[in-house]
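Comments concern the structure below.
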Amino acid sequence: MNESITRRHFLQRSSIAAAAAGAYAMSPRAFGQSSEGEDVVRFAAIGCGGRMSRDLQNFIDACALLGLRAEITALADAFPERTAKMADRFGVPAERCFFGFDAYHKALETDAEFVLMATPPNFRPLHLEAALAAGKHVFMEKPVAIDPAGCRKIIELGRIATEKQLGIVAGTQRRHQQDYLENFARIREGAVGEILGGAVYWNGTVPWIYERRPDWTDADYLARNWINFWEMSGDHIVEQHVHNLDVANWFLGRPPVSALGMGGRARRETGNQFDFFSIDLDYGEGVHINSQCRQISGTYKRVGEFFRGTEGEVHGGGRIEGHDVTIPEIEVDSDDSSVQELVDLVRSVRTGHPLNEARQVAESTAVAIMGRISAYSGQIVRWSDMMENPESEIYAMTASPAAEDFETGNVVMPSENVIPIPGDGEPIRRR
Ligand SMILES: NC(=O)c1ccc[n+]([C@@H]2O[C@H](COP(=O)([O-])OP(=O)(O)OC[C@H]3O[C@@H](n4cnc5c(N)ncnc54)[C@H](O)[C@@H]3O)[C@@H](O)[C@H]2O)c1
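The working numbering applies: residue -2 is where the sequence shown begins, and numbers increase by one.
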């Protein structure tokens, strides 16, 4: 057990983040000991694109902060050039690299203790299920699903992870970021009174597009240009804005009861997504949060969260005005919350109290999906219908192609540059 993993440190962070509950007995597991007696953490990576290049380094850095040495057992990606590039950068031998839509199975067969996942989000429920079945602790990038069924599956898998004493941390970051943790603690101590409402934003640009090449299959094209197809990404309200919606759920302590929103497509060039949304999220008890997100180049950028309370206001992890309150000192190991979330995962596992963020990230993802369904359909979408009522059409909604179709070769290309029209063809009244 490494000296730097202290009980006090773990307790303090966990209680503030409300990430783990109960009594914490120290029972570090002895695994990962190499023949040289070093404390080694073996891990595998699934999805070796842009974000994984950061997650991999962050995992290595997080382990180093805990006095542990991280060792890569496998790199898996749909495409060989992606694993090759990552292998080159991190010095991973070719025999540990796997490619294809089934490559994750090979990664999970290695003796990795942890698995990092940064594929397009439509694969997350399938890959998480396989990882837990293989007994791995998981770091998974946000968002974690693209349809209501996927969100419910992640919640169920979270329950299974608890049973199996496996850790799950999601890449939503802010719940591991010092300034957000401090503001959360201040809110809990009454600094701003009761939250009455607010607004959350991710207004920016389209991150990237991939032009289709003639030799690509439909599956290849979807897996490469995934960020522009809602069946792969959930749409950008899910893929990107989930960060801010997660803060709303966290600060308010509950998900919304309904979403009523609108959106459209002004300038997107590929795929089938909208490029702007504005959603009224009703959190019950008279509390409304406006969720606004846009991916249009040349428009005003704003990313963040604002909440108005009965006695003050708070801007995400930034300025807070209201009562002076006393909160416990919050220590972090890293100023980079993308590293800290991994420190928290590894520490929680190595102290025998694995964090499990499955439900919270599934719920934040579900809020975003609720907003998308409302904007696409023009209808109000209720949380209870989406998450609890098997009789509801919304409960039953699933995307096609499904994650499994990529493995079985049954991908049917969704229509490109055709977007949902709210109102379901209801005729316009004429005079
Ligand atoms: N936490 C953050 O701040 C943050 C930032 C960026 C991206 N992300 C998230 O990380 C994930 C990946 O995003 P990215 O920007 O790295 O995208 P990317 O396209 O650069 O990387 C995705 C990789 O997954 C591979 N892939 C696709 N399908 C696969 C499959 N079935 N099995 C194995 N590999 C597969 C692709 O070939 C690609 O290399 C997304 O969920 C995204 O939302 C999080």
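Each residue gets a CB set at the ideal place from its N, CA and C atoms; glycine is no exception. These figures come from a predicted structure and were not determined experimentally.
Quick one: does the C-beta of Arg305 sit closer than 6 Å to a heavy atom of ligand 1?
For this step, residue 305 is matched to residue 308 along the sequence shown. Arg305: no, Cβ never under 6 Å from ligand 1.
With DSSP as the reference, label Thr70 as helix, strand or coil.
In the sequence shown, counting from the first residue as 1, residue 70 sits at position 73. The three-state secondary structure of Thr70, taken from DSSP, is strand.
Express the C-alpha separation of Arg79 and Ile151 in angstroms, rounding to a whole number.
Here the question's residue 151 lines up with position 154 in the sequence shown. Here the question's residue 79 lines up with position 82 in the sequence shown. The alpha-carbon atoms of Ile151 and Arg79 are separated by roughly 27 Å.
Leaving out five residues before and five after Gly19 in sequence, what residues of the same chain have Cβ atoms less than 7 Å from its Cβ?
Position 22 of the sequence shown holds residue 19. Residue confidence is low: Gly19 scores 27 on pLDDT, short of 50, so the model does not pin down where it sits. No coordinate-derived value is stated.
Distance, Phe303 Cα to Gly313 Cα
Stepping through the sequence shown from its first residue, residue 313 is reached at position 316. Stepping through the sequence shown from its first residue, residue 303 is reached at position 306. A direct Cα-Cα distance of roughly 6 Å separates Gly313 from Phe303.
Classify Phe271 as helix, strand or coil using the three-state DSSP reduction.
The residue labelled residue 271 in the question sits at position 274 within the sequence shown. DSSP places Phe271 in coil when its eight states are reduced to three.
Should the stretch 101 to 110 be called in touch with the stretch 81 to 90, which here means at least 3 C-beta pairs below 8 Å?
The stretch 101 to 110 vs the stretch 81 to 90: no contact.
Would a C-beta distance cut-off of 7 Å place Glu186 and Val322 closer than the cut-off?
In the sequence shown, the residue the question calls residue 186 occupies position 189. In the sequence shown, the residue the question calls residue 322 occupies position 325. Yes, they are a contact pair.
Where the alpha helix (DSSP H) through Gln337 begins and ends:
Here residue 337 corresponds to residue number 340 of the sequence shown, with the count starting at 1. Counted as a single uninterrupted DSSP element, the alpha helix (DSSP H) harbouring Gln337 occupies residues Ser334 to Arg347.
Tell me Ile43's beta-bridge partners as DSSP assigns them.
To locate residue 43, count along the sequence shown from 1; it is residue 46. Beta-bridge partners assigned by DSSP to Ile43: Ala73 and Met114.
Alpha-carbon spacing of Gly190 relative to Arg210, whole angstroms
Taking the first residue of the sequence shown as 1, we reach residue 190 at position 193. Taking the first residue of the sequence shown as 1, we reach residue 210 at position 213. Whole-angstrom Cα-Cα distance: 55 Å.
By the DSSP assignment, the alpha helix (DSSP H) with Ser361 in it spans what residues?
For the purposes of this step, residue 361 is taken as the residue at position 364 of the sequence shown. Element bounds for Ser361: Ala355 to Ser374.
Local Cβ density within 10 Å of Glu354, reported as buried at 16 or more and exposed below that
The residue given as residue 354 occupies position 357 in the sequence shown. It counts as buried.
Of the residues Glu388, Ala73, Pro252 and Glu328, which one's Cα is nearest the Cα of Leu178?
For the purposes of this step, residue 178 is taken as residue 181 along the sequence shown, with counting starting at 1. The shortest C-alpha separation from Leu178 is found at Glu328.
Alpha carbon to alpha carbon, how far is Ala115 from Pro90? Give it in angstroms, no decimals.
In the sequence shown, counting from the first residue as 1, residue 90 sits at position 93. In the sequence shown, counting from the first residue as 1, residue 115 sits at position 118. Spanning the alpha carbons of Pro90 and Ala115 requires a straight line of approximately 21 Å.
Just confirm the distance between the C-beta atoms of Gly315 and Asp176, as a whole number of angstroms; I'd bet it's less than 8 Å.
Mapped onto the sequence shown, residue 315 falls at position 318. Mapped onto the sequence shown, residue 176 falls at position 179. Contact between Gly315 and Asp176 is confirmed by a C-beta separation of about 7 Å, below the 8 Å threshold.
Using the Cβ count rule (16 or more neighbours within 10 Å means buried), how would you classify Ile192?
Position 195 of the sequence shown holds residue 192. With 16 or more other CB atoms across the displayed protein chains lying within 10 angstroms of its CB, Ile192 is buried.
Please classify Val408: is it buried, with 16 or more other beta-carbons within 10 angstroms of its beta-carbon, or exposed?
Working through the sequence shown from its first residue, we reach residue 408 at position 411. Buried, since its Cβ has 16 or more Cβ neighbours within 10 Å.
For Gly309, the nearest candidate out of Gly194, Trp227, His233 and Ile276 (CA to CA):
Start at 1 with the first residue of the sequence shown, and residue 309 comes out as number 312. Measuring C-alpha to C-alpha distances from Gly309 to each of Gly194, Trp227, His233 and Ile276 identifies Gly194 as the nearest.
Around the Cβ of Glu208, are there at least 16 other Cβ atoms within 10 angstroms (buried) or fewer (exposed)?
The residue given as residue 208 occupies position 211 in the sequence shown. Flag for Glu208 reads exposed.
Going by DSSP, what residue range makes up the alpha helix (DSSP H) through Met383?
Position 386 of the sequence shown, counted from the start, is the residue given in the question as residue 383. Here the alpha helix (DSSP H) through Met383 covers Trp380 to Met384.
Write down the C-beta distance between Ala67 and Phe40 rounded to the nearest angstrom, noting that I regard them as a contact closer than 8 Å.
If you number the sequence shown from 1, residue 67 lands on position 70. If you number the sequence shown from 1, residue 40 lands on position 43. Right, their Cβ atoms sit about 6 Å apart.
Threshold first: 3 residues or longer. Then list the beta strand (DSSP E) segments lying entirely within the stretch 261 to 320, N to C.
You should have 273 to 279, 285 to 292, 299 to 306 and 309 to 311.
Please list the terminal residues of the continuous alpha helix (DSSP H) segment that includes Val135.
Position 138 of the sequence shown, counting from 1, holds the residue named residue 135. No alpha helix (DSSP H) contains Val135, which is instead part of the beta strand (DSSP E) from His134 to Met137.
So does the stretch 151 to 162 actually touch the stretch 359 to 375, counting three or more Cβ pairs closer than 8 Å?
Contact between the stretch 151 to 162 and the stretch 359 to 375 is present, because at least three Cβ pairs lie under 8 Å.
Phe76: beta carbon under 6 Å from a heavy atom of ligand 1?
The residue labelled residue 76 in the question sits at position 79 within the sequence shown. The answer is yes for Phe76.
Pairwise C-alpha distance: Ala372 and Gln289:
Within the sequence shown, numbered from 1, the residue matching residue 289 stands at position 292. Within the sequence shown, numbered from 1, the residue matching residue 372 stands at position 375. Their Cα atoms are separated by approximately 12 Å.
Taking C-beta to C-beta, are Pro118 and Ile157 nearer than 7 Å?
Translated into positions along the sequence shown, residue 118 becomes position 121. Translated into positions along the sequence shown, residue 157 becomes position 160. Not a contact, by the Cβ cut-off of 7 Å.
Taking 8 Å as the limit between beta carbons, can you name the residues of its chain near Asn414, skipping five residues before and five after?
Walking along the sequence shown from the start, residue 414 turns up at place 417. Cβ within range, chain order: Thr267, Gly268 and Asn269.
The alpha helix (DSSP H) enclosing Tyr177, as first and last residue numbers:
Locating residue 177 in the sequence shown gives position 180, counting from the first residue. Unbroken alpha helix (DSSP H) run through Tyr177: Gln175 to Arg185.
With respect to the beta strand (DSSP E) encompassing Val166, which residues constitute its N-terminal and C-terminal limits?
In the sequence shown, residue 166 corresponds to position 169, counting from 1. Looking at the DSSP string, the run of the beta strand (DSSP E) that includes Val166 is Ile165 to Ala167.
Cα-Cα separation, His173 to Gly301
Translated into positions along the sequence shown, residue 173 becomes position 176. Translated into positions along the sequence shown, residue 301 becomes position 304. His173 and Gly301 have their C-alpha atoms roughly 16 Å apart.
Report the rounded CA-to-CA distance for His320 versus Ala188, giving the unit in angstroms.
For the purposes of this step, residue 320 is identified with residue 323 of the sequence shown, where counting begins at 1. For the purposes of this step, residue 188 is identified with residue 191 of the sequence shown, where counting begins at 1. One C-alpha to the other measures close to 5 Å.
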